[in-house]
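Visitor:
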Amino acid sequence: MTMTVPLSSARPTSGVAPHDFRALMAGFPTGVGVVTAYQPDGRPIGMTCSSICSVSLTPSPTLLVCLRKGSPTLAALLSSGAFALNLLHEGGRATAELFASGDPDRFDRVAWRSGEGFGGPHLPADSHVTADCEISQYNAIGDHEAVFGKVVAVTAEDAERAPLLYGRRRYAVWPAG
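All letters in the sequence shown, in the order written, are residues 0 to 176 by numbering that gives the first Met the number 0.
What follows is the structure in structure tokens.
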């Protein structure tokens, strides 16, 4: 049976509580990425991000990452106009946790490489694929910035490895088969 609710009564009068929203999103498993960029002095910076989605295929392949306002990584992205999105594979959990920790020496503890045209450092030992992006636009939404990246290059790092997932507040691996 289908029930139609008038639009006026379907709209909440106030926002949902933050803990209820977190519980909602915890039930939506997603891939895990590390967003990286270069600071104005050339030093690498990055953070774990699971707020990632594809936006458009044409005319320009575009993806979206959402980063917390005030994040030093966000500041570097906006300053440089570019970033790399490293999608982690099944062996990348320790790197996901490291880049979520805020450890200032995280790049001293992982294998990474830099190259001509890279939007940010690539993490080849922990990623199955990396996208280099140029920022096409960004929008402030609440306590985050939605950053749209035009994908200018894709590098398959270890395409045979299963993606690392995050949902229900824990890591998992894409099942075989």
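All C-beta atoms in this analysis are idealised placements derived from N, C-alpha and C, irrespective of residue type, glycine included.
Answer yes or no: do A145 and L63 have a C-beta to C-beta separation smaller than 7 Å?
Guide: yes
Visitor: Take L56 and list the residues in its own chain whose beta-carbon comes closer than 8 Å to its own, dropping the five residues that flank it on each side.
Guide: none
Visitor: May I have the straight-line CA-CA distance separating V4 from V15, to the nearest angstrom?
Guide: Annotation note: pLDDT 46 at V4 (below 50); position unreliable, coordinate value reported separately. Spanning the two alpha carbons is a distance of roughly 19 Å.
Visitor: Would you list, in sequence order, the uninterrupted alpha helix (DSSP H) runs of no fewer than 4 residues that lie entirely inside the region 60-108?
Guide: List check, alpha helix (DSSP H) in window: 71-79, 92-100.
Visitor: Are the region 79-97 and the region 151-171 in contact at 8 Å, needing three or more beta carbon pairs?
Guide: yes
Visitor: Compare the C-alpha of V151 against each of C132, A158, R169, H143 and name the closest.
Guide: C132
Visitor: Can you tell me which of A81, P39, F27 puts its alpha carbon nearest to the alpha carbon of Q136?
Guide: A81
Visitor: CA-CA distance, G114 and L122?
Guide: Rounded to whole angstroms, G114 to L122 spans 12 Å at the Cα level.
Visitor: Could you pull the start and end residues of the beta strand (DSSP E) that A25 belongs to?
Guide: Per DSSP, A25 belongs to no beta strand (DSSP E); it is in the alpha helix (DSSP H), 17-25.
Visitor: So who's on the other strand from P162, going by DSSP bridges?
Guide: H88
Visitor: Taking all protein chains shown into account, decide if S49 is buried (16 or more other Cβ within 10 angstroms of its Cβ) or exposed.
Guide: Its Cβ being crowded by 16 or more others within 10 Å, S49 is buried.
Visitor: Give the single residue among A175, L66, A158, G141 whose Cα lies nearest to the Cα of T47.
Guide: Nearest of A175, L66, A158, G141 to T47, Cα basis: L66.
Visitor: To the nearest angstrom, how far is the alpha carbon of E159 from that of A175?
Guide: 11 Å
Visitor: Going by the CB atoms, is the gap between F98 and G45 shorter than 7 Å?
Guide: For G45 and F98, yes; Cβs fall inside 7 Å.
Visitor: Rounded C-beta distance between Y37 and S79? I'm assuming under 8 Å.
Guide: Cβ-Cβ separation between Y37 and S79: approximately 6 Å, consistent with a contact (criterion under 8 Å).
Visitor: For S59, which residues in the same chain have their Cβ closer than 8 Å to its Cβ, ignoring the five residues on either side in sequence?
Guide: S135, K149, V150
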